[in-house]
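Peer 1:
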Amino acid sequence: METRWLNADERATWLRLVAVVELLPGVLDSQLRRDAGITHFEYFVLAMLSEATDHTLRMTSLAQRTSATLPRLSHVVRRLEEKGLVERNPCPEDGRASNARLTAAGWDEVVAAAPGHVRTVRRNVLDPLTPAQLTQLRRIGEALLTQLDPEGRMTGLYNPADTAGDATAR
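For what it's worth, my numbering labels the leading residue of the sequence shown as 582, then goes sequentially.
#1: Using DSSP with H/G/I as helix, E/B as strand and the rest coil, what is E623?
#2: Do you know how far the Cα of E674 is from the Cα of L683?
#3: Consult DSSP for W688 and reduce its assignment to one of helix, strand or coil.
#4: So what does DSSP say about E603, is it helix, strand or coil?
#5: For V626 and V658, which I take to be in contact (beta-carbon distance under 8 Å), what is that distance rounded to the nearest angstrom?
#6: Determine whether the beta carbon atoms of P639 and N680 lie at a separation below 7 Å.
#7: What residue range does the beta strand (DSSP E) around L726 cover?
#8: I believe L605 touches W595 by the beta-carbon criterion, under 8 Å. Please report the beta-carbon distance rounded to the nearest angstrom.
#9: Check for me: the beta strand (DSSP E) holding S679 runs from which residue to which?
#10: Just reading off the beta strand (DSSP E) that L654 is part of, what are its end residues?
#11: If you compare alpha carbons, which of N705, G733, A724 is closest to D610?
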């Protein structure tokens, strides 16, 4: 198979996407560590639990929603348990599984952290774009996710229209 090398325009586009993918996690993580004392991934876990029925998810479902391996998620949930933000209990439907549940302190944490996180998302991602660019970015994201997540394991779990007013902004 012959390699289809990137032309100059494709290379410039690719390098800008890579730069965003590399820089954005650090920006989000820095703000949350500074303002809330948690990582972006910890915030994401708390946000997913905050949106779940009874603020509870089976660990496998939480792993799917956060695109985490179970070992990584278990480690992070243990840290959140130590902070009193999450608790784990046996799953009533399946004794082999466990559930993670957001505690009242965890709810307070995610609610307190959300405004700063949303400001950071707006300042660094949304506000620099025009309304037309936002529409394009959403469509680009959908096209890429069709390729990257064809089963919808992570992205098919929610309808973006349902979370339009969500203060957690993930």
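From the three backbone atoms N, C-alpha and C, an ideal C-beta is built for every residue, glycine too. Computed from a predicted structure; not experimentally measured.
Peer 2: On the basis of the coordinates in this document:
#1: Residue 623 sits at position 42 when you count from the first residue of the sequence shown. Note: E623 maps to helix in three-state DSSP.
#2: Within the sequence shown, residue 683 is the residue found at index 102, counting from 1. Within the sequence shown, residue 674 is the residue found at index 93, counting from 1. Spanning the two alpha carbons is a distance of roughly 19 Å.
#3: Taking the first residue of the sequence shown as 1, we reach residue 688 at position 107. The DSSP-derived three-state label of W688 is helix.
#4: Here residue 603 refers to the residue found at position 22 of the sequence shown. Helix at E603.
#5: Here residue 626 refers to the residue found at position 45 when the sequence shown is read from its first residue. Here residue 658 refers to the residue found at position 77 when the sequence shown is read from its first residue. The Cβ separation is near 7 Å, so the contact holds.
#6: Taking the first residue of the sequence shown as 1, we reach residue 639 at position 58. Taking the first residue of the sequence shown as 1, we reach residue 680 at position 99. The identity of residue 639 in the sequence shown is Arg, whereas the question assumes Pro. In contact: R639 and N680 (Cβ atoms closer than 7 Å).
#7: By one-based count along the sequence shown, residue 726 stands at place 145. Here L726 belongs to no beta strand (DSSP E); instead the alpha helix (DSSP H) covers 712-729.
#8: Within the sequence shown, the letter at position 24 stands for residue 605. Within the sequence shown, the letter at position 14 stands for residue 595. Not really, about 16 Å apart at Cβ, beyond 8 Å.
#9: Locating residue 679 in the sequence shown gives position 98, where the first residue counts as 1. S679: member of the beta strand (DSSP E) spanning 679-683, first to last residue.
#10: Here residue 654 corresponds to residue number 73 of the sequence shown, with the count starting at 1. Not the beta strand (DSSP E): L654 falls in the alpha helix (DSSP H), residues 651-663.
#11: Start at 1 with the first residue of the sequence shown, and residue 610 comes out as number 29. Between D610 and the set N705, G733, A724, the nearest pair of CA atoms involves N705.
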